Amino acid sequence: MVDTLEEIKLSGLVYATDSQPGIYRKGKPGKFLYTDREGNKITDEDQLSRIKSLVIPPAWTEVWIANKKNAYLQVTGLDAAGRKQYKYHPKWTSRRSDSKYFRLLEFGKTLPQVRKRIAKDLKRKDFDELKVLAICMQVMLKTLIRVGNDAYKQLYGSYGLTTLTNKHVKINGNTLKLAFKGKKGVQQNVSLNDKTLAKLIKRCKEIPGQDLFQYYTEGNEHRAIDSGKINTYIKEITGGDFTAKDFRTWGGTLEALRQLASCCSDGTERPKKKIIVEVLDCVASKLGNTRAVCKSSYVYPLLLEAFENDQLSKYLKKINLVHSETVKSLENDEKVLMQFLKAVQKAPKIPAKKK
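Residue numbers (my numbering): 97 to 451.
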């Protein structure tokens, strides 16, 4: 949070949250009015003009609006499906977009609490929404598959985590095998050996209906998990403005770091650009993307730049290549990535190698 507050300040903005007093929207579409916390109607023309410029969807309910126009968080509300939504100040959105290293570093800091929360929700007795969301997240953490959505399924016949059906998964002992058509029609074949997940997903398949990831409501009805529920859960367990894509970006960058370490450990002298191509192909295989998409969207650019400039060797030496599939190895390698990202934050532009 300290780093986030500093970044907000550097953006020329102030911190705000919907737990603080704000402006509240009342009424119905076409007849909205706005009040302060005491219920007094907002009549100031400048405030009303600012509220209008925020273009808050009419369908949102429980709308909170920041009092200050320079608040980094401007609006929160619940959409038609009951999912919490956020609108940020353009300066904050721009800064977060430009400062990818900052976002990735902040995301990495949340992973210990994320894993702790998921482990807790996996132990819930009932197969309720939180338990099944935790199952989905555990699959995402281990496989990095896309979250998917109904629109892509209907339009293109492509699937992702939340749109998988029972026919897409086969369970043999402790091994899960997922086979489905992903984005752009690319066939995805994912294998995962995990005793706990295998047992949990086997129980998911026993819930009536074709959808793989369903949960029971308090009224004992079964409903499917969707991408909106996943991203709302992610915001809750990270405590930040993160989405499923951040998990893939983190996973893609970590995989690139591990593959760079592996390629440099065999003692074979090869051109760096050729090594980068091989590494990106490995990442693409893991994420189910093309090499070009991985390079532009899922592998942190300064990681590859540092490698080309001979400034990554001290990090590559710390990567665990012996037992790469263990939890201990994963934790070690993530710490190495965090060390690199912190170094980048202190000096965002890595100087080019002297010739």
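Ideal Cβ positions, reconstructed from N, Cα and C, are used throughout, including at glycine.
What you are looking at is a predicted structure, and each value in this text was computed from that prediction instead of being measured.
Under the DSSP definition of a beta bridge, Phe276 partners with Gln284. In the structure shown, Gly173 adopts extended strand secondary structure according to DSSP, grouped into three states. Scanning Pro154, Glu158, Trp346 for the CA closest to the CA of Met434 turns up Trp346.
A distance below 6 Å between beta-carbons, with the five flanking residues on each side excluded, links Ile303 to the following residues of its chain, in chain order: Gln310, His318. Counting along the chain, the unbroken beta strand (DSSP E) around Gln181 starts and ends at 180-184.
Beta-bridge partners assigned by DSSP to Tyr311: Arg319. Linking Lys295 to Asn270 through their CA atoms gives a straight-line distance of about 8 Å.
Looking at the DSSP output, Lys122 bridges to Leu129. The beta carbons of Gln306 and Thr239 sit about 21 Å from each other, so the pair does not count as a contact at 8 Å. Separation of the CB atoms of Gly278 and Arg242 is rounded to 7 Å, and the pair is thereby assigned contact status at 8 Å. Secondary-structure assignment with DSSP links Trp160 through a beta bridge to Tyr120, Thr172.
For Asn428, the uninterrupted alpha helix (DSSP H) run begins and ends at 423-442, by DSSP. Burial state of Leu169 is buried, judged by a 10 Å Cβ sphere holding 16 or more other Cβ atoms. Nearest to Ser361 by alpha-carbon distance, out of Ile415, Lys273, Phe436, is Ile415. Taking Asp175 as the centre and dropping the five residues before and after it, the same chain places the C-beta of Pro153, Ala155, Trp156, Gln181, Gly324 closer than 8 Å to its C-beta, in chain order. In this structure Trp160 touches Gly118 by the C-beta definition: roughly 5 Å separates them, less than 8 Å.
The shortest C-alpha to C-alpha distance from Leu257 to any of Thr313, Ala340, Thr206 is the one to Ala340.
One thing to note: Lys227 has its Cβ no nearer than 9 Å to the Cβ of Ile267. Taken atom to atom, the span from the alpha-carbon of Val423 to that of Lys165 is near 45 Å. For Ile267, the enclosing beta strand (DSSP E) stretches over residues 265-268. DSSP places Val110 in the strand class (E or B) of the three-state scheme. The residues Glu202, in chain order, have a CB closer than 7 Å to that of Thr100 in the same chain once the five nearest residues on each side in sequence are set aside. Annotated as distal: Ile333 and Met236, with beta-carbon spacing of 9 Å or more.
In the DSSP assignment, Val379 falls within the unbroken alpha helix (DSSP H) covering 368-383. Counting every other CB atom within 10 Å of its CB across the protein chains shown gives Lys205 a total of 16 or more, marking it as buried. In the structure shown, the three-state DSSP call for Lys165 is coil.
For Phe223, there is no enclosing alpha helix (DSSP H), as DSSP marks it with neither H nor E.
Our two residues, Ala357 and Asn285, have alpha carbons roughly 25 Å apart in a direct line.
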